[in-house]
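In the numbering used here, the protein residues as written are 1498 to 1568. Down below is the structure, laid out as structure tokens.
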């Protein structure tokens, strides 16, 4: 399963690193690609991860999750 997470507040490569590391810390996350210009992260999962968990780890880093969609 893959999810696309739209994120506000990212402005540099450091932000990209923080978001990527936060998402990779979740059990069930296989890969993360962050698109700074598009303001989203594509998250590939090996098992079900609740949208609330994804939102929480990103918002704990200081960014705003606008929406999450399953691809």
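Here a beta-carbon is modelled for each residue, glycine too, at the ideal position from N, C-alpha and C.
### Query
Can you round the beta-carbon distance between residue 1558 and residue 1515 to whole angstroms, since I take them to be within the 8 Å contact cut?
5 Å
### Query
Between residue 1564 and residue 1500, which are expected to be in contact by the criterion C-beta below 8 Å, what is the C-beta distance as a whole number of angstroms?
The Cβ separation is near 10 Å, so there is no contact.
### Query
In three-state DSSP terms, what is residue 1443?
Only positions 1498 to 1568 of the chain appear in this structure, which leaves residue 1443 out of reach.
### Query
Within this structure, are the beta carbons of residue 1543 and residue 1525 separated by less than 8 Å?
yes
### Query
Would you call residue 1534 buried or exposed, if buried means 16 or more other Cβ atoms sit within 10 Å of its Cβ?
exposed
### Query
So is residue 1520 buried or exposed if we call it buried at 16+ other beta carbons inside 10 Å?
buried
### Rounded straight-line distance, which links the Cα of residue 1523 to that of residue 1551
8 Å
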